[in-house]
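Below is one structure; the comments refer to it alone.
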Amino acid sequence: MTRKKIMDIKSLTIAQAKKDLQEKKYSSVELTTAYLDRIEKLNPTLNAFITVSKAEALEQAKKADEQFSNLTIEQLSNYPLLGIPIALKDIYSTIGIRTTAGSTVLENYVPPFDATVVKKLKDAGTIIIGKTNLDAWAHGSSGENSEFGPTKNPWNTAYVPGGSSSGSAVAVAADFALAASGTDTGGSIRLPASFTNTVGLKPTYGRVSRAGIISMSSSMDTIGHFTKTVEDSALYLSVSAGQDPMDATTPDQPVPDYLKNLTKGVKGLKIGIPLEFNPFEDEPTRQANKMKMKEALNVLSKLGAEMVEISLPHTEYAIAVYYIIQPSEVSSNLARFDGIRFGNDRSSFGEEAKRRIMLGTYTLSAGYYDAYYKKAMKVRTLIKKDFDEAFKKVDAIIAPVSPTPPWKLGEKNDDPLAMYLSDIYTVTANLSGNPGLAVPIGFANELPVGMQIIGPHFSEELLFQIGHAYEQETKWFEKRPNI
Amino acid sequence: MNTYSPVMGLEVHVELKTKSKMFCSCSADYFGKKPNTHTCPVCLGLPGALPVPNKTAIEWCIKIGLALGCEIQLFSKFDRKNYFYPDLAKGYQISQYDQPFALKGSIVLSDGKKIGITRVHMEEDTGKLTHAGDSTMIDFNRSGVPLVEIVTEPDFENAAQVVEYLKKLQQIVRYLDVSNADMEKGDMRLEPNISLRKNDQTGLPNYKVEVKNINSFKFVDRAIEFEIKRQTEILDKGETPPQETRGFNEAKQNTVSQRIKEEANDYRYFPEPDIPPLRFTESQILDIRSQMLEMPDEKYERFQKEFGLSEYDAKILTRDRALANYFEEAVKLGQKDNISSKQIANDIINKKIDINSTPLKELIEQIAIRSQVVTIDESHLKETILLVLSENEKAVTDYKAGKTNVLMFLVGQVMRKYTSKIDAKIVMEMAQNMLQ
């Protein structure tokens, strides 16, 4: 079988591939093979994958092609992502495929079960092409903290792609897959999305099941994904979202048709611009990002959205609160990796994991709990209230994702605090549980820049509506890295 | 010599007999099962697996709280208790720290002494370690089985009170049908804390000794007696016993130091983020209460009042619910045969009736037969007596000569001629008349 010319994976989206596969312009095996070939050629440069599951992927693709041949159109609608190659962050448990969390502690761990979302994605017909690189245990903002080597930014391989879902962002940016899953605990989807010109969704806390995804900070972990377009992001969420009997933190909240309002536009919508998301504004490295944000807001104004200045007064405490609650939970969640039943022992933990275990153990200790954890939880409530108040005045909030453009590999390695501060605009939504959609807004010095659209709890539909309107006007996703 | 009075509190763990475990759907029936056959990613603590609380277990915990007269909390939550032990799959135990399901209850002992219940909370059991030579094996079948912990105030003054409290608690959870409370299977685990107060001293002593690994009421008594003696000796020397955890050694019938205060764990409790806090309404609690059947103390009171039983009989008959039910059913059934509740109580208690092998109908029939008053046909009795008198002429002569004690012999002879039991008094009167 020869690959038909019609397949151009650089311009391909899920929506387009779905159509092509159904019309049999090419087969799922051909599509999967095209991606596998590209991974084989380019992954050594970018290091986006820890494991490529070639054999399993081709087998799944073959099965998908059989279904395309044997099922009626009506039956096919039960498989909304049939034949679509995707990649999974290597922190999603996959039955029979090793799952490392980016750490050598689990370098040989093969889960005996699938995460709920993995099950859902398989049931929807996706082809799982491999497991992507990440900062070990999802601790990091650059991807450099992976114990399987750093992932490189396809827009310039001297730069970081952002983390912790570094490999997933790069898998989509470099056309290794049509979509890739991630986790966002403090910005780990939105930040790498903004560094790679991809669309990254951090859903509302509880919207997507965490069951089977290795926990980092249980009260903030959200399960999202990277796609090229907002429409694809909506398609993907339609599959992954929903209450799960295996995760007590997923509420009984109906899953709407995320495509329904996609093309409704932004006319008449009130967009809040938070005053506080602007620290150190005089620093020259941030000027370019600021300019891009201004341009993006102008586009939305032009499309009919109304810009309203709002205040989220407790924003300045967000990083401090986040770096108490998150390590506290990390210290407890990593306790099971004691080397007794699976994985290597504790000496295999890297510096960053050890740092967080120490921090969290300290902040939870008798005598310190009230001063740290308890106080942080109180401020967290205030941060939530800030958002609730804001959404009484506006429909959505738009803010920068990162205060700076991507940095060079190694630049912040010796300064953990500087690394922590790169999440300054993203952690608030994790503390409050609100959904955030990162959308590309262009390039500064040839490197991607993104903005995030934050909405009330369970307002993903609205975020897609706003994101899509902006995207259709600007089409930044059409620009592909030159690799 | 003994110038001290014991100050004691108790922590009791009761394993619930729910079908499934506390946070997963594995069977909780682990006893005697092949190791590691009742496990799943959740109770094995595999990465990413999340706990989902068992609704029935929570309701049963609340039932225990209600039965102990506790205030049920409308807002409650689970917490993580962090510590390392190879039988603890996740490196933390899901328990309840500062907002348990139930607070402030009590159990009243037979002498009127009230033992305060501080709290009743829910947690999960750990796996089980087996040591064989140099290696240790872990069985996770028990991991995640629901446990209810019941903590008392330091209200106990002696070992007898502790044992009575434990028996009452065991009876209550069995009445509620939420635990088998079988000591031998480890369904109920006891941890007394014991210290001594000088008789002229007020307030709590400045140390506390906790004793673990006790699996029988007899051993709790032994452990307490041992500790009282041991601590008395230390105090007599003018020293203070160290604050510590000790283990009970069955073979030696003594306690051995396991951990002193300085080595005590800092459990780093914090709210379990994987389980949202639980909120209940008054009506939900009322609903749980309405499902509860009569508790032993209520039954005990009622049996005395309703059936006119003695305290002793009521106590025995309410010891377990099945026996109490058997008795009540028997009373109902016996009514039409005019059998009194007292007769039934006597029969069940004195004849040590096995309620499982004696159907109610059979019980009533037997009692009826035994208590039947045979109506004697007078003319037939007369004939029988005449017959006996003619057969025993010598006795008759003796009687007439004044040896009146032969009358009893003659009555006996008459009664032997009857197959059923007849009233000896009637026979005697008639025989006496006929002899004169």
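Going down the list, the protein sequences come from chains R and Z. Per the numbering used here, the very first residue in the first sequence carries number 95; after that it's consecutive. Per the numbering used here, the very first residue in the second sequence carries number 910; after that it's consecutive. Beta carbons: idealized from backbone N, C-alpha and C, even for Gly.
Short Cβ contact (8 Å threshold) for residue i with residue j
i	j	result
R/M340	R/N524	no
Z/V1120	Z/P1101	yes
R/R132	R/D326	no
R/G237	R/G257	yes
Z/V923	Z/A1090	yes
Z/V1129	Z/L1075	yes
Z/H1357	Z/F1010	No answer is possible for residue 1357 of chain Z: it lies beyond the span of chain Z, which begins at 910 and ends at 1345.
R/T226	R/I144	yes
Z/L1085	Z/M1201	yes
R/A532	R/G234	no
Z/I1194	Z/I981	yes
Z/E1032	Z/I1059	no
R/G549	R/A490	yes
R/G276	R/S262	yes
R/P497	R/Y514	no
R/K552	R/T298	Per the sequence presented here, residue 552 of chain R reads as Phe, with Lys not at that position. Cβ distance < 8 Å, so R/F552 and R/T298 count as in contact.
R/Y607	R/E555	What is shown of chain R runs 95 to 577, which leaves residue 607 of chain R out entirely.
R/T273	R/I180	Looking at the sequence itself, residue 273 of chain R is Ala, so the reference to Thr does not match. Yes; because the gap between Cβ atoms is below 8 Å, this pair is in contact.
Buried or exposed by the 16-neighbour rule on C-beta atoms within 10 Å, applied to residue i
i	result
Z/G1042	exposed
R/T96	Note that R/T96 has pLDDT 49, beneath the 50 cutoff, so the model's placement of it is unreliable and the number below is only indicative. R/T96 is exposed by the Cβ-count criterion.
R/G167	In the sequence as presented, Gly is not what sits at residue 167 of chain R; that position holds Ile. Flag for R/I167 reads exposed.
R/M385	exposed
Z/E1300	exposed
Z/K1146	exposed
R/P348	exposed
Z/F1157	buried
Z/E1350	Here chain Z has residues from 910 to 1345 only, and residue 1350 of chain Z is not among them.
R/A484	buried
R/E565	buried
R/N528	buried
Z/F1179	buried
Z/R1051	buried
R/N507	exposed
Simplified DSSP assignment, three categories, for residue i
i	result
R/M314	coil
R/S405	coil
R/T96	Note on R/T96: pLDDT 49, under 50, position unreliable in the model; no value is reported.
R/L391	helix
R/G234	coil
R/I180	strand
R/A335	strand
R/N250	strand
R/Y299	coil
R/I185	coil
R/A305	coil
R/F552	coil
Z/I1184	coil
Z/M1339	helix
R/H319	strand
R/E588	In this structure chain R extends from 95 to 577, so residue 588 of chain R is not present and cannot be described.
R/I283	coil
Beta-carbon separation (whole angstroms), residue i vs residue j, contact threshold 8 Å
i	j	result
Z/L1290	Z/A1254	The pair is not a contact, with the Cβ atoms about 34 Å apart (cut-off 8 Å).
R/I577	R/P368	With a Cβ gap of about 36 Å, R/I577 and R/P368 do not count as contacting.
R/P494	R/M545	6 Å
R/A195	R/A230	7 Å
R/I419	R/R474	7 Å
R/V402	R/K448	Wrong, their Cβ atoms sit about 45 Å apart, outside the cutoff.
Z/V1057	Z/I973	6 Å
R/T210	R/S303	4 Å
Contact test: residue i Cβ vs the ligand ADP heavy atom, cutoff 7 Å
i	result
R/L295	With respect to the ligand ADP, the structure offers nothing, as it holds no ligand at all.
Per DSSP, the bridge partner or partners of residue i
i	result
Z/Y913	Z/K1107
Z/E1387	Residue 1387 of chain Z cannot be examined here, being either before or after the span of chain Z that is shown, 910 to 1345.
R/R132	In the DSSP output, where bridge partners are listed per residue, R/R132 has none listed.
R/E400	R/K364
Z/Q1008	Z/Q1008 is not bridged to any residue.
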